[in-house]
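Here the structure comes first, spelled out in structure tokens, and everything after it is commentary.
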Amino acid sequence: MSIFNAEQFLDMEIEGSNDTVAIPVPMGDYVAVVTDAKTRQWSSKDGLKSGIALDLIWEIDDAEVKELLGRDKVTCKQGIMLDLTESGSIDMGRGKNLGLGRLREALDLNDPSRSFTFSMLPGRTARVKVSHRISGEDIFAEIKHVTAI
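Here the numbering used here is used: the first residue of the sequence shown is 4, the next is one more, and so on.
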């Protein structure tokens, strides 16, 4: 194994050009596994609203998509806005956290007699629906719906 040399790396000549546009995962239904789950704070552009979101990274298990995109590993992101109580915990009230409830149901983690933690999500498999969101000239593939296999 060679040792990385930062100065040599910066002087390395590169032939050809790099891509400037990513090909998004095609819209459709796929079998996928959660590979990562993290929370993040968000706020609206006007600063009037803020909250916490759960971000999941799903690895899509589809040979045709891998071939189309030229990648060995194809991932897609799902974001779920979380409803919190005044004390900062997950709001378990009626009609609250429906996205989280649907996710947990699809992953067989919504049993009221068992405790749940977000660390239980990675490694779970489900069927995901990929849709596209357009922002300017960019197209982003996102998970919009999750169901049990």
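Note that the Cβ used here is the ideal one computed from N, Cα and C, for glycine as well.
Check: Under the rule that 16 or more other beta-carbon atoms within 10 Å means buried, what is residue 156, buried or exposed?
Finding: With the chain covering 4 to 152 only, the question about residue 156 has no answer from this structure.
Note to self: Within a Cβ cutoff of 8 Å, which residues of the same chain sit near residue 6, ignoring the five residues on either side of it in sequence?
What the structure shows: none
Note to self: Tell me which residue opens and which closes the alpha helix (DSSP H) that residue 68 is part of.
What the structure shows: 66 to 72
Margin query: Need the endpoints of the beta strand (DSSP E) that residue 130 sits in, please.
Written below: 128 to 138
Next item on the list: Whole angstroms is fine: what's the gap from residue 99's alpha carbon to residue 65's?
Entry: 33 Å
Check: How big is the Cα-Cα spacing for residue 58 and residue 115?
Finding: 23 Å
Next item on the list: Compute the distance between the beta-carbons of residue 32 and residue 130, then report whether it is under 8 Å.
Entry: yes
Item checked: Proximity to residue 148 [Cα-Cα], best of 74, 90, 109 and 26 -> 109
Next item on the list: Taking only the alpha-carbon atoms, compute the straight-line gap between residue 135 and residue 43 and give it to the nearest angstrom.
Entry: Answer to the nearest angstrom: the Cα atoms are 22 Å apart.
Note to self: With a threshold of 8 Å, are at least 3 pairs of Cβ atoms found where one atom belongs to the stretch 80 to 97 and the other to the stretch 135 to 146?
What the structure shows: yes
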